[in-house]
Amino acid sequence: MKWGVFAFLLPLVSLILYVGYLDHVIRKNFEGKRWSLPAVVYARPLELYPGLTLSIPELEEELQLAAYRRDRQAVDPGGYDRQEGVVHLVTREFHFPDGLEQSAKYTLSFADNTLVDISRNDNGKAVDGVRLDPARIGSFHPKQHEDRIILSRAELPELLVRTLLAVEDQNFYSHSGVDPRAILRALLANTRAGETVQGGSTLTQQLVKNFFLSNQRTIRRKFNEAIMALLLEARYGKDEILTAYANEIFLGQDGGRAVHGFRLASLFYFRRELKDLSPAQIATLVGMIRGPSHYNPRKNPKRCLERRQVVLKVMRAHKVIDERTYIAAKAAPLGTQTVTGNGFNRFPAFLDLVRRQLNQDYREEDLTSDGMKIFTTLDPRVQKVVDRQLEETIAELERTTGKQGLNGAVVVTRREGGEILAVAGGRISLQSGFNRALDARRPIGSLIKPAVYLTALTKGYTLATPVEDTPLAVPTAGGKPWSPANFDRSTHDRVPMYLALANSLNLATVRIGMDVGVKRVVQTLKDLGVSGDFPAYPSFLLGAVSLTPLEVAQMYQTLASGGFYLPQRAISSVLTADNSLVKRFGISVEQRFTPEQVYLLNTALQHVVRTGTGKALSRHLAASFKVAGKTGTSDDLRDSWFAGFTGDQLAVVWIGKDDNNPIGLSGAGGALVVWGEIIQALHPQPLDLVEPEDIQWQWLRPDTFEISPSPFFFTSDQVKLPFVAGTLPGKINSAAYGPEDPPGRGIGKVMDKIIDWFQ
Amino acid sequence: MSVLRINRGRKGSCRWLRLAVLLALIPFLASCAPKKKVNLPVYREEPPGQVQTAPPASTPPSQPQMQPPERQPATVPEAAPELPSPARISPPPGQVGTLLARATKAMQTGQLDKAEMHLERALRLSPREAQLWHTMARVRFEQGNYAQAVQLCLKSNSLAGKNGAVVRRNWLLMEKAYLKTGEEKKAAQARQKAAGQF
């Protein structure tokens, strides 16, 4: 008797436990966070305003990148049309970190590559500006690379729902998860045909299959599928199941990313919101459920069209559409748009930087599962110019020099604000991997010199202070003395300090550096925003310090912004999936140098480009742009650098080899060329330095060191230089540091007095 | 037609199964109710002053200046004069002006995050507009970040050129900020600088 009860109970208890286990699986996956939503990364939004330098083709490039489609006539959101001098545009509604921007139709008028007027079509009024919804430049996926945009039940168009039910599950609203008669019918049809021609699965079963189960076709899986479908129906409402299905369904592959859900599929295939789709387009999507790859409208348009016509017939038969709509839809073309590669990591080097910044604040699973929206500072137009110019110019340099295997890196930022606009991590932009802009730490050569001269300016030097550019031997601890030489082995008796920087004279620089003290120069580099531990060896003065292009950009940023240190930013804001602000990377500034000293230094950096080692830039940019910049070359021509800024942008370019072999190019021969090509293509603004209050201009004869408030007569060789009031030269003797004069003595004493006097 | 067409299934056939399964499971399921993982986003303002704060290189003039006795240590912060509204300086034209007006309005209604974002937008269009930097300083002041308010005023001054009205406002705001941080001497010097801008 006892055993009998046991024999009866054991299977029952097992069954109950097993079903309970399945129920647990369902609830674990279906409740709360149902999908791992990748974090989505956006470029900066394009701001359109009258007066903006922008040609129609450039605008069109931006629009294409933001997945806008060219229509014959712009009517629905995300569409534009283009005529002579005019673009009509319907923006998409978008949730920005500062609030919702509604969709609206605008007319943009252009003249001479400039946007001259914007007006709203609904009221005909001119507007001050329009902000477009930003391009999606990438997403951070978990391993399986599923991508989707979640819709609620209310957002599912009724036409789609009715079509879906008519085609896939007509009894959806009455069955309880499994539809036995549908199975029976399918079984019969399949037996008759000898192969699988029909499925008997309900939407619920399909959802269960995609959501919880593997793809094998076994009896056990079928059993699990049925039990779980019943459980799902018992636990959740029809609408919830339908919505989950619409978001889960797999509808195609975009390179490495799997396109799931109707909303993403609609954007991916038609560049339209789901709610704006025509009946024919809805029929196409529903038809694809059967086999997203088999019926892919781009790869197999004929098959896809046939399938769509079948679906349209079903729609008509079930009175989802009327006869007239049917006839019109049947005649419509597929209407699929080309792939833009939109949304899938077009700019790997920049995304790498974004990811590293995020990893400081977020765990990996937050980034790949919470659907966060990350607003970055990337300017796609700048990035494209950078990618193109770096690749082309390096190829050109290889042709002209005969050197092979050159590589490079570029960082472009906004001059004020410190936003990083573009990052190139190598000559082939789509190749991810070694990100040279962030990871290639190379000797910066003469790029260090502004730090030396800035230190000198804070210690009482002026741009006209005479310095000796003659050989010297610097004693080193325990070794033989260090005897640097100029790049071209030349020597000069005495040169004014600005000219020593403009011509990048090593001997003069070392003399100045030894006079002010290497430690001070190291501190200046740190104040410029480069963190690290740098031993204060004399060779530091000539750039025996290795930095990444990004670090160099930070260093020059402080100069470009007038002595204010601004932490560089690649991310501006982070929103949650439901658009609440979680993190802001706001502007912060810190004054590290006085405006006067930086003004003097930047003026000298303009001389570098006007007459010094950077003068080859005139082949790319007119002198009227007044670019401030500096060339850099490491020992044996292994690294070629150029760093500089215009009125609105700062860029750093490095060219070299991954194996660190010589490339035979100086800073001016390699990096400067890339820099010039990039900036030339970016509509730069001229660099007009704001003159601080206490500046006085004087004329200098570099040969005699004579100074005059008015120009000298009959002298062609003279230059107008700024001075801080009260520091006019003539009072400072030459910085005469020789080997017999250890730093801090001799001239140093005079200097100290002068510093005391003017502090 | 390859599409499924199936008649309405009889509901009764599987309802018993569903009920039986559920009844059998009630005690079991009740015990394993899922623990919802609440993962509320926490708003975190990136502290703008996260950089190491070295004393500003040029803040107050190092030359000792004569201080009017009645201006001696103002201990009550409220004693500082009200800042004139930025609307009295002619606003920048076009979209930048529109965004500045929006930022000012957001600031007045206490929406400091919004004000900040409008200003950043405006700064992207016109990064060297001293008025925008000044207004950003006011936002930081309202946010209680007095060190950044001072720094942004200095930044604004470095771009203001001959725009004396903006420079004056910057010094007045710096005075207020220094009073908040208890640096009375610097506050007095800032006030003098402001007075010098007439």
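Protein sequences appear in the order of chains L and U. When we follow our numbering, the leftmost residue of the first sequence carries the number 1, and every step to the right adds one. When we follow our numbering, the leftmost residue of the second sequence carries the number 1001, and every step to the right adds one. Glycine included, C-beta positions come from ideal geometry on N, C-alpha and C. Note that the structure is a prediction, hence the values are computed from the model and not measured.
Taking one C-beta from the region 299–317 of chain L and one from the region 174–184 of chain L each time, how about it: are there three or more such pairs within less than 8 angstroms?
no
Taking the CB atoms as reference points, tell me whether R584 (chain L) and G563 (chain L) lie closer together than 9 angstroms.
no
Where P1127 (chain U) meets chain L, residues with beta-carbon distance less than 8 angstroms:
By Cβ distance, chain L contributes R414, R415, E416, G417 and D648.
Where do the ends of the beta strand (DSSP E) carrying Y1178 (chain U) lie?
Per DSSP, Y1178 (chain U) belongs to no beta strand (DSSP E); it is in the alpha helix (DSSP H), G1164 to K1180.
Pair within 9 angstroms by beta-carbon distance, H1134 (chain U) and N1170 (chain U):
yes
How many Å lie between V19 (chain L) and I227 (chain L) at the Cα?
8 angstroms
Spell out a yes or no on whether the region 277–288 of chain L and the region 227–242 of chain L are touching, meaning 3 or more CB-CB pairs, one atom from each, closer than 8 angstroms.
no
Quick check: is the beta carbon of L1173 (chain U) nearer than 9 angstroms to any beta carbon in chain L?
no
Using a Cβ-Cβ distance cut-off of 9 angstroms, determine whether Q309 (chain L) contacts chain U.
no
Give me the Cβ distance between M1136 (chain U) and L1152 (chain U), rounded to the nearest whole Å; I'm assuming they're in contact under 8 angstroms.
5 angstroms
Quick one: what's V474 (chain L) bridged to in DSSP?
L:W482
Could you spell out where the alpha helix (DSSP H) holding I679 (chain L) opens and where it closes?
A671 to Q680
For H294 (chain L), three-class secondary structure by DSSP:
coil
Excluding sequence positions up to five away, which residues of its chain have a Cβ less than 6 angstroms from the Cβ of G1164 (chain U)?
Q1197
Which residues in chain L have a C-beta closer than 8 angstroms to the C-beta of G1161 (chain U)? List them in chain order.
V690 and E691
According to DSSP, is L689 (chain L) part of a helix, a strand, or is it coil?
Correct three-state label for L689 (chain L): coil.
Exposed unless 16 or more other CB atoms sit within 10 angstroms - verdict on D98 (chain L):
buried
Can you look up D322 (chain L) in the DSSP assignment and give me helix, strand or coil?
coil
Outcome for T338 (chain L) when other beta-carbon atoms lying within 10 angstroms are tallied against a minimum of 16:
exposed
Which of helix, strand or coil DSSP assigns to L528 (chain L):
coil
For A166 (chain L), which residues of its own chain have a beta-carbon under 7 angstroms away from its beta-carbon, when the five flanking residues on both sides are left out?
V314, M315, H318 and V320
So which of L:A477, L:D717, L:T400 and L:Q383 has the shortest CA-CA distance to G664 (chain L)?
L:T400
Contact the region 420–431 of chain L vs the region 457–477 of chain L: 3+ CB pairs below 8 angstroms
Under the three-pair Cβ rule at 8 angstroms, the region 420–431 of chain L does not count as touching the region 457–477 of chain L.
Residue environment, N247 (chain L), which counts as buried when at least 16 other CB atoms sit within 10 Å
buried
May I ask which residues mark the beginning and end of the beta strand (DSSP E) holding L601 (chain L)?
Unbroken run through L601 (chain L) is the alpha helix (DSSP H), P595 to R610; no beta strand (DSSP E).
Scan the region 529–588 of chain L and note each continuous beta strand (DSSP E) run of 3 residues or more that stays entirely inside, going in chain order.
571–575 and 581–584
Taking buried to mean at least 16 other C-beta atoms within 10 Å of its own C-beta, is G405 (chain L) buried or exposed?
exposed
Determine the burial state of S561 (chain L): buried for a count of at least 16 other Cβ atoms within 10 Å of its Cβ, exposed for fewer.
buried
Backbone CA spacing between Y80 (chain L) and H88 (chain L) [nearest angstrom]
5 angstroms
Find the residues of chain U that neighbour Y49 (chain L), judging by a C-beta separation of less than 8 angstroms, and give them in chain order.
Residues of chain U with a Cβ closer than 8 angstroms to the Cβ of Y49 (chain L) are, in chain order, G1094, Q1095 and L1125.
Output the boundary residues of the alpha helix (DSSP H) element that contains G287 (chain L).
P279 to M288
Could you work out which residues of chain L lie near L977 (chain U), taking near to mean beta carbons separated by less than 8 angstroms?
This structure cannot speak to residue 977 (chain U), because chain U is shown only from 1001 to 1198.
Nearest-angstrom Cα distance between G291 (chain L) and L160 (chain L)?
18 angstroms
Mind listing which residues of the region 1096–1114 of chain U have their C-beta closer than 7 angstroms to chain L's C-betas, in chain order?
The region 1096–1114 of chain U vs chain L, Cβ under 7 angstroms: T1098, D1113 and K1114.
Just checking: is the beta-carbon of S1158 (chain U) within a distance shorter than 9 angstroms of some beta-carbon in chain L?
yes
Is the shortest distance between the beta-carbon of E1120 (chain U) and the beta-carbons of chain L less than 9 angstroms?
yes
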